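In numbering that gives the first Met the number 0, the protein residues as written are 0 to 681.
Contents: one structure, followed by commentary.
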Amino acid sequence: MVVSRSVLACGVAFLGAVACGQAEKTPGQLVIAIETDMALPDQIDTIELVVSANDKVLFDYPMPVGAGISTQPIPATLTLVAGSDPTMPVHIRVLGSKGSATRTLREVVTTVPADRVAVLRMPVQWLCDGTAKPMKAADGSMSYESTCGSGATCKAGKCVPPDVPPESVETYSPQIVFGGGSAPPKGGQTSGQCFDTVPCMVSGALQTPDDQCTVPMPSGGSGVNVALRVANDGICDTTGTTCFVPLDGNDEEGWTEEDGRIALPSAVCSKLRAGLIAGVIVSTQCETKTHSEPPCGSWSSVTPPSDAPASNPDDAGTTTPPPPALALLGSVTADAATSTPCCPLMADGSQLYTCLCDASASQVKMISIDPATGNTSSVLGFSPEYVRSRYASVLAGDNFYWVDRLAGKSGDTCPVQAVGTAGGGIASTVATVDGDVYDGADLLADAQALYALADNVAGLAASAAPVQALRIDRGTGKITALDTGGARPVLQLTQDAKALYVAVDTDVMTAGSIERVSRVVRFAKNGGASSTVSQRTVITSDESHGGFIGLQDDGTTLFALSESGADADGLIDTQVLALGDSEPKVLYDELVDPAVVRLRLLGAVNGAVLLVRDLAAQPQGGVAATSSSVLVIPPGGGDPRIVASFAKDTPTGELQAPSFSPDVFWLNSSGRVFQLSGAALK
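Here's what the structure looks like:
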């Protein structure tokens with residue numbers, strides 16, 4: 000057997016003479032094609048190829064991969080030439096690593112065809128992430144075994160036997176590896192067709208697989224493409240928040256068509272349930288990707304001709320890739336270890352604002368954020384009497400309002416403070432609440448009043464409910480308690496021009512469960528009796544789930560997020576509802592595992608609802624990862640779109656739709672501020 004490298008450097012021979020000629024001119028060869036669906040070197044920086052026969056290592060080559068001068072472009076090939084014994088099995092291993100962590104391992108046992116040139120695809124595959132298990136030998140050296148166990152390997156996330164009959168592999172030509180192009184020279188590139196992952200998938204629709212792990216097949220468009228939306232993995236845009244793992248179409252390791260639906264690898268649904276995938280995205284923007292078309296990237300050995308479109312032409316024959324919908328405006332924290340956001344994102348007529356707390360949280364600094372540049376400036380500072388990680392606050396007119404707390408003998412007293420945003424002002428007490436204002440529920444404001452949620456409010460009638468909504472006159476400081484009729488608050492209240500809306504729960508313990516009456520209550524701002532907008536009764540065994548869990552209003556429509564009780568499998572049906580005079584309209588419905596997924600409302604603008612999907616991934620390889628995504632539900636419902644995904648980060652508070660911009664903004668817990676195009680909400 001002879002080993003030679005086409006695309007990889009030539010010049011190493013094993014069991015025969017060096018064969019550095021064109022592979023297609025020599026019979027009896029096996030071309031190993033190394034591919035990947037991840038960005039290099041961001042996700043994988045080294046690919047190691049190991050070839051052995053008769054328990055003897057013939058070739059062991061770790062390749063630095065990426066776009067640099069000293070790195071190997073991918074796809075790449077290595078050629079095995081048949082020796083005197085064509086029945087001799089060869090063991091091939093391909094490992095993909097990032098830094099010191101080996102992420103994937105693919106193994107094949109086969110023979111080299113004696114009478115033709117065949118191609119064996121050995122992808123470094125995201126669905127097989129976490130399948131390389133380190134093993135320490137007695138001499139201290141490290142090796143890797145598959146987590147599938149002896150006699151098995153990972154293929155599309157599934158453990159299968161490694162044996163591949165030589166007659167089952169397709170005949171080789173460079174075109175089926177390099178996007179229709181010829182084999183590139185050593186370390187070089189060739190002109191072919193690659194798949195421009197982010198532009199092709201960013202406008203795709205989120206689809207939920209059924210019990211058979213299939214999703215609907217769309218119609219129209221240039222072709223059908225499927226990708227997995229992941230957080231800071233796979234192939235990303237420049238912000239690192241729009242990331243996909245593309246799947247090959249009509250391929251057993253990608254997706255296939257079955258009975259008019261798209262059938263996915265079973266590992267896709269397993270990773271969805273584990274919280275490792277944000278969603279399955281289906282797009283008709285570009286022609287269908289096949290295994291012959293590698294992803295585009297600076298690391299790729301395939302580059303489209305200079306006159307080739309990056310994505311399919313539109314009806315006018317011109318190329319119009321979707322514009323970037325999401326931009327990183329900037330960060331409000333220079334060092335997350337020394338300061339963290341501790342107020343919601345706020346806005347006036349020209350600037351964005353938030354607060355930063357130092358490591359001890361004893362000093363709070365309000366900063367402004369220039370929406371044009373992302374630059375930040377200090378506006379004012381204050382020292383609270385009661386230190387906590389988040390302050391109920393709001394910006395209204397020329398004042399910043401926030402709630403402090405004074406611990407008393409019989410309960411809490413909460414002064415509501417006001418500071419002028421012009422800077423240099425001294426805080427003044429607008430009102431003092433003899434009760435406990437919830438820190439987790441942000442203040443609301445209109446032209447006349449502030450609104451807060453509180454309990455343990457003193458001076459109420461004995462029949463008053465524990466949870467009270469407070470109307471605080473901004474001019475006089477007069478406090479009016481609005482009885483919600485509930486015992487448990489939903490820490491997200493909202494308003495429109497005429498009314499305040501609060502959601503509350505009342506629980507009754509029954510045998511082994513909780514009967515929860517969950518209500519959305521409306522308080523007219525001009526006075527009068529409160530009214531119930533919507534009511535649901537839920538049977539739940541977990542007091543942290545069930546009933547209404549969030550409210551948002553875009554000025555014309557009231558939206559709610561509601562949970563059912565858990566079913567027999569522990570899953571919770573979670574719905575985004577449009578509330579009105581008639582029955583609630585379901586805009587989005589997802590059955591979630593509450594141990595992995597939690598949904599919450601980020602905001603509502605012009606009929607569109609933005610939803611945060613927090614994932615607490617189940618441990619993989621002993622490490623638990625967390626991520627989140629932002630979904631846009633179009634006006635009136637319809638297929639949602641994921642517009643952002645974050646690794647170990649998530650939006651905090653609610654979005655801002657300021658008057659100075661058609662776009663919307665939100666703040667992440669990391670301190671990063673993101674700007675989403677208003678066009679992305681339609």
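All C-beta atoms, glycine included, are put in the ideal place defined by N, C-alpha and C.
What you are looking at is a predicted structure, and each value in this text was computed from that prediction instead of being measured.
Residue nearest to residue i in terms of C-alpha spacing, selected from the options
i	options	result
Gly636	Leu452, Gln574 and Leu614	Gln574
Asp258	Cys235, Gly274, Thr536 and Met216	Met216
Asp247	Thr536, Leu344, Leu126 and Arg597	Leu126
Asn374	Leu328, Asp411, Ser581 and Val386	Leu328
Val111	Cys341, Ile31 and Ala326	Ile31
Leu119	Arg487, Arg599, Val107 and Asp128	Val107
Ala451	Trp401, Ser388 and Ser145	Trp401
Asp638	Pro85, Glu589, Thr649 and Phe558	Glu589
Gly458	Gly476, Ala480 and Ala446	Ala480
Asp435	Thr420, Pro414, Ile175 and Thr146	Pro414
Leu614	Val629, Val596, Ala486 and Ala333	Val596
Asp472	Thr431, Ala510, Tyr500 and Asp504	Thr431
Met200	Pro161, Lys364 and Cys295	Cys295
Val393	Gln362, Val642, Leu344 and Thr287	Leu344
Gly564	Leu351, Asp592 and Gly579	Asp592
Lys154	Met508, Val604 and Val267	Val267
Gly156	Pro264, Gly222 and Gly219	Pro264
Gly670	Ser676, Asp541 and Thr651	Thr651
Glu562	Gly554, Thr556, Asp552 and Tyr587	Tyr587
Gln655	Ser644, Phe673 and Ala646	Phe673
Cβ neighbour criterion (16 or more within 10 Å) applied to residue i
i	result
Ser376	exposed
Arg92	buried
Pro661	exposed
Gly621	Since pLDDT at Gly621 reaches only 44, below the 50 mark, its modelled position is unreliable, and no value is offered.
Val585	exposed
Ser682	The requested residue 682 is not part of the displayed model; the chain covers only 0 to 681.
Thr109	buried
Lys497	exposed
Met121	buried
Gly511	exposed
Asp566	exposed
Phe664	buried
Asp59	exposed
Ser581	exposed
Lys270	buried
Secondary structure of residue i, DSSP reduced to three states
i	result
Ala468	strand
Lys270	helix
Thr70	coil
Met87	coil
Ser265	helix
Leu344	coil
Pro308	Reliability fails at Pro308, whose pLDDT of 48 lies under 50, so the model's placement of it is uncertain and the value that follows must be treated cautiously. If DSSP states are grouped into helix, strand and coil, Pro308 belongs with coil.
Val456	coil
Trp665	strand
Met200	helix
Gly677	helix
Ile175	helix
Cys354	strand
Ser218	coil
Glu166	helix
Cys413	strand
Trp125	helix
Gly419	strand
Tyr437	coil
Ile513	strand
Trp401	strand
Pro633	coil
Phe381	strand
Pro488	strand
Anticipated Cβ contact below 8 Å, residue i with residue j, distance rounded
i	j	result
Ser359	Gln284	Actually they do not touch by this definition, with Cβ atoms about 50 Å apart.
Thr170	Ala230	Contact flag wrong, Cβ pair sits at about 39 Å.
Asp36	Val363	Asp36 to Val363, Cβ: 45 Å. No contact.
Open item on the list: Does the contact criterion of 3 or more C-beta pairs under 8 Å hold for the segment 251–271 versus the segment 184–197?
Closed with: The segment 251–271, when compared against the segment 184–197, does not touch it at the 8 Å Cβ threshold.
Task: Inter-stretch contact at 8 Å, needing at least 3 Cβ pairs: the segment 434–446 / the segment 478–498 - done: With the cut-off at 8 Å, the segment 434–446 and the segment 478–498 touch.
Task: the segment 39–57 / the segment 261–281 touching (three or more Cβ pairs under 8 Å) - done: Too few Cβ pairs lie closer than 8 Å, so no.
Open item on the list: Is it the case that the segment 234–251 contacts the segment 218–226, given that we only count it when at least three CB pairs across the two stretches are under 8 Å?
Closed with: Result yes; three or more Cβ-Cβ pairs closer than 8 Å.
Open item on the list: Any contact between the segment 64–76 and the segment 167–186? By contact I mean 3 or more CB pairs, one from each, below 8 Å.
Closed with: Yes, the segment 64–76 is in contact with the segment 167–186.
Open item on the list: If contact is defined by three or more beta carbon pairs under 8 Å, each pair taking one atom from either stretch, is the segment 506–525 in contact with the segment 540–557?
Closed with: Counting Cβ pairs under 8 Å, three or more are found: they touch.
- [ ] Would you check if the segment 129–138 and the segment 38–48 touch, i.e. whether three or more CB-CB distances between them fall below 8 Å?
- [x] The segment 38–48 makes no contact with the segment 129–138: fewer than 3 CB pairs, one atom from each, lie closer than 8 Å.
- [ ] Evaluate contact between the segment 31–45 and the segment 75–85, counting only Cβ atoms and requiring at least three cross-stretch pairs below 8 Å.
- [x] Yes, they touch.
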